[in-house]
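Here the first sequence stands for residues 6 to 554, numbered as in the working numbering.
Note sheet for the following structure.
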Amino acid sequence: MPSTQAAPTPETPVKDMKDIVALCKRRGFVFPASDIYGGINGFWDYGPLGVELKNNLRDLWWKRMVTCPPIGPDGHPVQIVGLDSAIIQNPKVWVASGHVGGFSDPMRKCPKCGHFVRADHLWNILFSESEWVNSLLQVFEPHTGRIDTPAIMNWAKGKGKKLAPNLAVVKDPEVVMSFLATRVNGQPNAPLEIQEIVSHLATAQLNATGLQDPCPRCGGALEGESTFNLLMHTYLGVSATEDDKAYLRGETAQGIFINYKNVMDSSRVKVPFGIAQTGKAFRNEVTPRNFIFRSREFEQMEMEFFCHPSEANMWFDFWVSERKKFWEDLGLKTDNLLMREHEADELVFYSKRTFDIEYHFPFNGFDEKGNKQFGELEGIAYRTDYDLKQHAEHSGQRLDYLDPERDNERYVPHVIEPAAGLTRGVLALLCEAYTIDPSRPSGVYLNFHPKVAPKKAAILPLMAKDGHPEKAEKLYMELREEFAVDLDIKQNIGKRYARQDEIGTPFCFTIDGQTMEDDTVTVRERNTMAQERIAMSKVADYLREKMRA
RNA sequence: GCGGGUGUAGCUUAGUGGUAAAGCUCCAGCCUUCCAAGCUGGCUAUGCGGGUUCGAUUCCCGUCACCCGCUCCA
Numbered sequence: 006m007p008s009t010q011a012a013p014t015p016e017t018p019v020k021d022m023k024d025i026v027a028l029c030k031r032r033g034f035v036f037p038a039s040d041i042y043g044g045i046n047g048f049w050d051y052g053p054l055g056v057e058l059k060n061n062l063r064d065l066w067w068k069r070m071v072t073c074p075p076i077g078p079d080g081h082p083v084q085i086v087g088l089d090s091a092i093i094q095n096p097k098v099w100v101a102s103g104h105v106g107g108f109s110d111p112m113r114k115c116p117k118c119g120h121f122v123r124a125d126h127l128w129n130i131l132f133s134e135s136e137w138v139n140s141l142l143q144v145f146e147p148h149t150g151r152i153d154t155p156a157i158m159n160w161a162k163g164k165g166k167k168l169a170p171n172l173a174v175v176k177d178p179e180v181v182m183s184f185l186a187t188r189v190n191g192q193p194n195a196p197l198e199i200q201e202i203v204s205h206l207a208t209a210q211l212n213a214t215g216l217q218d219p220c221p222r223c224g225g226a227l228e229g230e231s232t233f234n235l236l237m238h239t240y241l242g243v244s245a246t247e248d249d250k251a252y253l254r255g256e257t258a259q260g261i262f263i264n265y266k267n268v269m270d271s272s273r274v275k276v277p278f279g280i281a282q283t284g285k286a287f288r289n290e291v292t293p294r295n296f297i298f299r300s301r302e303f304e305q306m307e308m309e310f311f312c313h314p315s316e317a318n319m320w321f322d323f324w325v326s327e328r329k330k331f332w333e334d335l336g337l338k339t340d341n342l343l344m345r346e347h348e349a350d351e352l353v354f355y356s357k358r359t360f361d362i363e364y365h366f367p368f369n370g371f372d373e374k375g376n377k378q379f380g381e382l383e384g385i386a387y388r389t390d391y392d393l394k395q396h397a398e399h400s401g402q403r404l405d406y407l408d409p410e411r412d413n414e415r416y417v418p419h420v421i422e423p424a425a426g427l428t429r430g431v432l433a434l435l436c437e438a439y440t441i442d443p444s445r446p447s448g449v450y451l452n453f454h455p456k457v458a459p460k461k462a463a464i465l466p467l468m469a470k471d472g473h474p475e476k477a478e479k480l481y482m483e484l485r486e487e488f489a490v491d492l493d494i495k496q497n498i499g500k501r502y503a504r505q506d507e508i509g510t511p512f513c514f515t516i517d518g519q520t521m522e523d524d525t526v527t528v529r530e531r532n533t534m535a536q537e538r539i540a541m542s543k544v545a546d547y548l549r550e551k552m553r554a
């Protein structure tokens, strides 16, 4: 086994994303969406085995959350109910959640600091709210039309450096000022407007880009106008007017918050309790990349846990450790997992604490010291009462809780949210399972835990005669009631073992000559390729036990 | 979104301005008492669109997808 701590050396085989993607397509786990039309960026289809794997992961999550939730600190199972909300909701939901900001206003983005500005308000904002513009305007008198080059240079090297680090004149004062001088001297009869001066100061390569507009926050050159929206939209009804615009959900979480009252009123749940949901979500990712890791249509497994504010931190810690255990139980190696708490400046505005569960995907690679790098698999966020308060305010509905166990205290519950990527989980399982083994015919096998394996077992008659196929089919008919199993008769036995290795089937039951005499079969274990003989009547028990382990 | 690279069968690779070749895989049959064996037969490809040309997989342009690096990831 290659060491998983250090960066791979030329001697240790490397898990290459290219190979994993190829295996996924070849064996029917994941296909490029719209493949026969040349594909479509950011979308993937799950093939016959991929959908089994994905369903298995989703079902295991559901079981762990809803059917059989963990034991809480009080020694009793925590209370969690399920939900399946619509992908499309009233657009106001996404306004309340903060996903839809300026609606369809044209926005301009700063590539340096990520700030968004409304395009039609840019210059107003620059002159009234921008700290660096106000500071700049104090060092020279723009209305005279005269450019005080030394004063601006001085500002650029001093105050400007602090206030507008990405402004062109701050980064490269000589070149920018020489462009400005050229303009002044070239057209002496056309005095510069103040706006034009500021644009000049934001322009690093005038000839290549033309005049640029600066970011009010950092001075970086803004990108062109776009009606940027993270959310995909559609139009309801046949007459597609702006009034009919609706959004595809960008996360399943909001469907839970807006049903908080319905669930409270119908399910006899008491705080603390959770509502769990899995399903598709959609985002207009700028750059879908890294196979199914970042795609525009993906699946989430989210649970919102509602609790008293004073207990929020306790439940946060509870769910962080519970969720880590979940992924480990599915076979993700502990040293491929990273638990990382967000720094204060990294937290999104609604969150008080966030813990990422990150996985070392092959494309994450290693840093220069050889340390593993990681990508997000799940985030556990303490969302405070932000979402319920937002929806209470925007909907006008009361979303607080009258707590009979706390002297009828009335409060808006705080929320701990373990939010996992189902499709990212599938990728992590695939990457973890992918095992290079040059010694076997397939060269590679998928080391899935039996719980997640898309096929639990294959039933293989040693030969396609002498009653083997009939016996095999009998066993198959018994097992298929309870397990996803394959019956494979064609070709020689070695080929069939190899095929099952490559799709990660943990067990193969082989019917041979001895089976015909005493009704025993051999079990071939995928990882060791070792075989033992058991009674045909014990096969189901055998599988059942392996699935539990 | 920017820069670089790639694109011939399911995979790995040939080749050509004039009928696109092979091995493996896959499918059918035979054979075979345990790890991609053998024999026979079969399916399948120049990402897509346009241009130049009598003729383009080959040359040119565009586009799409994928990979790498930036950027992005409320």
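Each residue gets a CB set at the ideal place from its N, CA and C atoms; glycine is no exception.
Identify the residues that DSSP records as bridge partners of residue i: which are they?
i, result
"Lys285", "Glu304"
"Cys513", "Ala463 and Arg529"
"Phe34", "None, per the DSSP bridge assignment."
"Tyr406", "Tyr416"
"Lys476", "Paired residue(s): none; Lys476 is not in a bridge."
"Trp239", "Before going further, note that residue 239 is Thr rather than Trp in the sequence given. Bridge partners of Thr239: Ala251."
"Pro277", "Answer is none; Pro277 lacks a bridge partner."
"Asp491", "Ala463"
"Glu202", "It should be pointed out that residue 202 corresponds to Ile in this sequence rather than to Glu. Answer is none; Ile202 lacks a bridge partner."
"Arg328", "DSSP, once it has assigned bridges, lists no residue as partnering Arg328."
Can you find the residues in the same chain that come closer than 6 Å, C-beta to C-beta, to residue i, ignoring five residues on each side of it along the sequence?
i, result
"Glu422", "Glu309, Ala386 and Arg388"
"Lys357", "Tyr387 and Thr389"
"Pro459", "Leu54, Glu57 and Leu58"
"Phe488", "Lys461 and Leu548"
"Lys20", "Pro367 and Tyr439"
"Ser102", "Gln259"
Report buried or exposed for residue i, applying the criterion of at least 16 other Cβ atoms within 10 angstroms of its Cβ.
i, result
"Ser244", "exposed"
"Asp218", "buried"
"Phe108", "Bear in mind that the predicted position of Phe108 carries a pLDDT of just 42, short of 50, making it too unreliable to give a figure here."
"Gln305", "buried"
"Thr246", "exposed"
"Glu475", "exposed"
"Gln10", "With a pLDDT of 34 at Gln10, under the threshold of 50, the modelled position of this residue cannot be trusted, and the question is left open."
"Thr208", "buried"
"Val105", "buried"
"Asn129", "exposed"
"Gln395", "buried"
"Lys68", "exposed"
"Asp546", "exposed"
"Ala554", "exposed"
Tell me which same chain residues have a C-beta within less than 7 Å of the C-beta of residue i, skipping the five on either side of it?
i, result
"Val100", "His399"
"Leu337", "Tyr364, Ala433 and Glu437"
"Glu327", "Pro75"
Leaving aside the five residues before and after residue i along the sequence, list all residues of the same chain whose C-beta is less than 8 Å from its C-beta, in chain order.
i, result
"Ile76", "Pro82 and Val83"
"Val86", "Val71, Val268, Ser272, Val274, Phe278, Gly279, Ile280 and Ala281"
"Asn295", "Met22, Phe366, Phe368 and Gly380"
"Asp442", "Gly448, Val449 and Tyr450"
"Val490", "Lys460, Lys461, Ala462, Ala463, Ile464, Tyr481 and Leu484"
Just the Cα atoms here: how many angstroms apart are residue i and residue j?
i, j, result
"Ala397", "Lys285", "25 Å"
"Arg222", "Glu136", "7 Å"
"Val174", "Gly225", "10 Å"
"Met158", "Gln94", "54 Å"
"Asn61", "Leu131", "53 Å"
"Pro96", "Ala251", "5 Å"
"Ile263", "Tyr481", "46 Å"
"Gly47", "Ile297", "8 Å"
"Arg113", "Glu228", "6 Å"
"Met521", "Ile539", "13 Å"
"Pro314", "Ile261", "19 Å"
"Glu537", "Asp372", "45 Å"
"Lys543", "Val325", "39 Å"
"Glu483", "Asp517", "18 Å"
"Arg254", "Ala38", "20 Å"
"Ala424", "Glu290", "18 Å"
"Ala477", "Tyr51", "29 Å"
"Cys312", "Pro78", "13 Å"
Can at least three beta-carbon pairs, one atom from the region 408–418 and one from the region 489–498, be found at a separation below 8 Å? At 8 Å Cβ cutoff, the stretches do not touch.
Given 8 Å, three or more beta-carbon pairs between the region 330–347 and the region 422–437: Yes, the region 330–347 is in contact with the region 422–437.
I'd like to know if the region 452–472 and the region 308–322 are in contact, where contact means that at least 3 CB-CB pairs between them fall below 8 Å. Contact annotation: the region 452–472 does not touch the region 308–322, with fewer than three C-beta pairs closer than 8 Å.
Three or more beta-carbon pairs under 8 Å between the region 504–512 and the region 524–534, yes or no? These segments touch.
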